[in-house]
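Rendered as structure tokens:
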């Protein structure tokens, strides 16, 4: 998520066959709101 900070990352992960994503915010400028939006999008794609 360092380069692409949109919920579209969930669609990309689903298209690549991933069944889970891990969002690490420790050393990343991504906001909590963006991380939450990615999580909601991932759940909608069947990704946990």
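In this note's numbering, the protein residues as written are 37 to 84. From the three backbone atoms N, C-alpha and C, an ideal C-beta is built for every residue, glycine too. Predicted model, so just to flag it, every value in this text is computed and none were measured.
Residue i vs residue j beta-carbon contact at 8 Å
i: residue 56; j: residue 84; result: yes
i: residue 50; j: residue 61; result: no
Straight-line Cα distance separating residue j from residue i
i: residue 43; j: residue 59; result: 12 Å
i: residue 69; j: residue 40; result: 14 Å
i: residue 76; j: residue 63; result: 22 Å
Proximal residues to residue i (C-beta, below 7 Å), its chain only, five neighbours per side dropped
i: residue 54; result: 83
Beta-carbon proximity list for residue i, same chain, < 6 Å, skipping 5 on both sides
i: residue 78; result: 46, 57
Span of the alpha helix (DSSP H) around residue i
i: residue 69; result: 68-80
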